[in-house]
Amino acid sequence: MSNETQQQQVTAIGKPARTRLVIAGAAVAVVAAGAVGIASVNAQRPDPAAQAPIAADVSDADLQQSTHLTLAAATRAAQSALDAAVKANQRVTVAVVDRNGNTIVVLRGDGAGPQSYESAQEKAFTAVSWNAPTSQLTERLKSAPQLADIPGTLFLGGGAPVQAKGGAPIAGIGVAGAPSGDQDEEFARAGVAALG
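Structure, rendered in structure tokens:
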């Protein structure tokens, strides 16, 4: 066999061998990069034990506690208000909010109008915010009409505050959907009465 033929065979064999080496080298590089990536991600995630919250010894004078209705109590009040409305053949929605105005429960009675859902929540929020029935608050609008501009409020009859012993507001009950605010408020008061 001539030298030229041998060189052609070596060259023919060498090319695939080089290609395999290049591919193998690339695969090793990809695996190594993945391992480095995993290691760097783990390095960025500190030990969970090292993330323990920092405890502060806060004095009682710097703390404030508030009283909230339980879900069971709020549901009982809402159901009592809805039952009073059904007994009067009215289709309403009842909402109960906590001291901060957050909705605890809403019961939409069969056939209640679509506007009643939001209105009930706003009446409940208004009652707890001012710790007064919304029917009384409508009188305040005569001397301070800008109160009606406060977001989330509705100065129509139908909202009643729930008070703890001592008169502090802890919740509000709003009813909407009856033909008059007086009726809505009567049903809201039935909800308050159910709480004792």
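Position one of the sequence shown corresponds to residue 6 (the working numbering), numbered consecutively onward. Yeah, the Cβ is synthetic: ideal placement off N, Cα and C, and Gly gets one too. Model, not experiment: these values are computed from the prediction.
On the DSSP bridge list, what partners appear for residue i?
i	result
isoleucine 178	Val101 and Ala165
threonine 220	Here the chain covers residues 6 to 201 and nothing more, so residue 220 does not appear.
threonine 108	Val102
Mapping the DSSP letters down to three states, classify residue i as helix, strand or coil.
i	result
arginine 113	strand
leucine 142	helix
valine 63	coil
threonine 131	helix
alanine 183	coil
glutamine 95	coil
lysine 170	coil
threonine 158	coil
proline 150	helix
glutamine 84	helix
glutamine 70	coil
glycine 196	helix
Is the beta carbon of residue i sitting closer than 8 Å to the one on residue j?
i	j	result
arginine 3	glycine 182	Limits of the chain in this structure are 6 at one end and 201 at the other, which puts residue 3 out of reach.
serine 121	alanine 195	no
leucine 74	valine 167	yes
glycine 5	glycine 106	In the structure displayed, the chain extends from 6 to 201; residue 5 sits before or after that span and is not available.
alanine 78	leucine 200	yes
threonine 139	glycine 114	no
valine 197	alanine 125	no
alanine 61	phenylalanine 192	no
Measure the beta-carbon distance from residue i to residue j and round it to whole angstroms, keeping in mind my assumption that it falls under 8 Å.
i	j	result
isoleucine 178	valine 101	5 Å
proline 174	valine 133	5 Å
glutamine 188	alanine 93	7 Å
glutamate 142	tryptophan 135	The amino acid at residue 142 is misidentified as glutamate; the sequence shows leucine. 6 Å between Cβ atoms; contact.
threonine 72	alanine 169	5 Å
Given 8 Å, three or more beta-carbon pairs between the segment 162 to 169 and the segment 123 to 133:
yes
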